[in-house]
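Chains as they are written, first to last, in my numbering: chain A, 1 to 69; chain B, 1001 to 1222. Encoded as structure tokens, the structure appears first; notes follow it.
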């Protein structure tokens, strides 16, 4: 499942550690989500979408089975 | 997330508590001289634990608390794998003992029987407690697979606890290594299974998780 977490994070000039702290997860988990190795739970997916003010279905695209952006 | 200081404190307390339990069981069997031998191992182990607890890694978080949802999932999957490996090791150990000594020597393989019984009962109880008593093998959907993994993890945790308590009791009774090798076999199998599970399910230790891995273009915020 493709996601736009890295794209949104870099647009805002945030580091993975800073995003992790804002979302309440570890830096390693942000890395795993960005690379597509870990699919976040629904609550975390919604937290990410709200944090970036992007609809969740725009942040995570189930149609694209590739890795993260 | 827990602060590094809390993690370090917890690591040292855990190492000292474990060492204290082994020292006490050794003291009961062999006198206070044995406590010094245990202390020689435990004090450096506490220092290593203190240093490792300060690292920014999945393994430190999983060992000492403060895990997020991904780390909790990896820990559960690793415990489930460890449980399966311990159960398998106990079964193989039991078969070997019976083949070598015959079925009548309960004294030779009661530790294995204990571990298998604890593993079986907690697995079945775990499945019931997690919401499914009907799931027996076969293809599982997402929820059923989650229940099975959690039940296996609970079973692994219980077998590890039974193994540690068994070793402590055997040591306190003054038994020799030969008499409690089944506990050691299961314990080593569980430790190897758990560490392999952490790696298999994605615990961070590769170069791509190293600090600075997010220094790609457009991420100046470090």
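Built from N, CA and C at the ideal position, the CB exists for glycine as well. Since the model is a prediction, treat every value here as computed from it, not as a measurement.
- Since residue 1202 (chain B) meets chain A, which of its residues come closer than 8 Å, beta carbon to beta carbon? Locating residue 1202 (chain B) in the second chain gives position 202, counting from the first residue. Ordered by position in chain A, the residues that pass the 8 Å Cβ test against residue 1202 (chain B) are 32, 37 and 38.
- Item | Classification of residue 1042 (chain B) by the beta-carbon crowding that lies within 10 angstroms, buried from 16 upward | As a position in the second chain, residue 1042 (chain B) is number 42, starting the count at 1. Its Cβ being crowded by 16 or more others within 10 Å, residue 1042 (chain B) is buried.
- State buried or exposed for residue 1068 (chain B), treating a residue as buried only when at least 16 other CB atoms are found within 10 Å of its CB. On the second chain, position 68 is the one that residue 1068 (chain B) refers to. Its Cβ being crowded by 16 or more others within 10 Å, residue 1068 (chain B) is buried.
- Item | Segment contact, 8 Å Cβ cut-off, at least three pairs: the region 1010–1023 of chain B with the region 1045–1060 of chain B | yes
- Inter-residue Cα distance where the pair is residue 1039 (chain B) and residue 1022 (chain B): For the purposes of this step, residue 1039 (chain B) is taken as residue 39 along the second chain, with counting starting at 1. For the purposes of this step, residue 1022 (chain B) is taken as residue 22 along the second chain, with counting starting at 1. Between residue 1039 (chain B) and residue 1022 (chain B), the C-alpha separation is close to 10 Å.
- Query: Quick one: Cα of residue 1105 (chain B) to Cα of residue 1098 (chain B), how far?
  - Reply: Taking the first residue of the second chain as position 1, residue 1105 (chain B) is located at position 105. Taking the first residue of the second chain as position 1, residue 1098 (chain B) is located at position 98. Their Cα atoms are separated by approximately 8 Å.
- Is residue 2 (chain A) helix, strand or coil by DSSP? As a position in the first chain, residue 2 (chain A) is number 2, starting the count at 1. Note: residue 2 (chain A) maps to strand in three-state DSSP.
- Can you name, in chain order, every residue of its own chain whose Cβ lies under 8 Å from the Cβ of residue 1027 (chain B), other than the five neighbours on each side? Indexing the second chain from 1 puts residue 1027 (chain B) at position 27. Cβ within range, chain order: 1034 and 1035.
- Query: In terms of alpha-carbon separation, which member of A:59, A:44 and A:8 lies closest to residue 25 (chain A)?
  - Reply: For the purposes of this step, residue 25 (chain A) is taken as the residue at position 25 of the first chain. Of the listed residues, the one whose Cα sits closest to residue 25 (chain A) is A:44.
- Would you mind telling me which residues of chain A sit closer than 7 Å to residue 1061 (chain B), beta carbon to beta carbon, in chain order? The count along the second chain starts at 1 and reaches residue 1061 (chain B) at position 61. Residues of chain A passing the Cβ test: 26.
- Message: Beta carbons nearer than 7 Å to chain B: which residues of the region 39–51 of chain A have them?
- Response: 41 and 44
- Query: Do the region 1196–1204 of chain B and the region 1068–1082 of chain B touch if we need at least three Cβ pairs shorter than 8 Å?
  - Reply: Here the region 1196–1204 of chain B makes contact with the region 1068–1082 of chain B; the two share three or more CB pairs at distances below 8 Å.
- 6 Å CB neighbourhood of residue 1081 (chain B) in its chain, flanking five on each side removed: Counted from its first residue, the second chain places residue 1081 (chain B) at position 81. The residues are 1193 and 1197.
- Item | Expected contact under 8 Å - CB spacing of residue 1156 (chain B) and residue 1086 (chain B) to nearest Å | In the second chain, the residue the question calls residue 1156 (chain B) occupies position 156. In the second chain, the residue the question calls residue 1086 (chain B) occupies position 86. Right, the Cβ-Cβ distance comes to about 6 Å (below 8 Å), so this counts as a contact.
- Task: Give the straight-line distance between the Cα atoms of residue 17 (chain A) and residue 42 (chain A), rounded to the nearest whole angstrom.
- Result: Taking the first residue of the first chain as 1, we reach residue 17 (chain A) at position 17. Taking the first residue of the first chain as 1, we reach residue 42 (chain A) at position 42. Each residue's alpha carbon lies about 21 Å from the other.
- Could you check what DSSP says for residue 57 (chain A) in three-state terms: helix, strand or coil? The count along the first chain starts at 1 and reaches residue 57 (chain A) at position 57. Helix at residue 57 (chain A).
- Cβ of residue 1148 (chain B) within 9 Å of Cβ of residue 1140 (chain B)? The residue you call residue 1148 (chain B) lines up with position 148 of the second chain. The residue you call residue 1140 (chain B) lines up with position 140 of the second chain. Yes.
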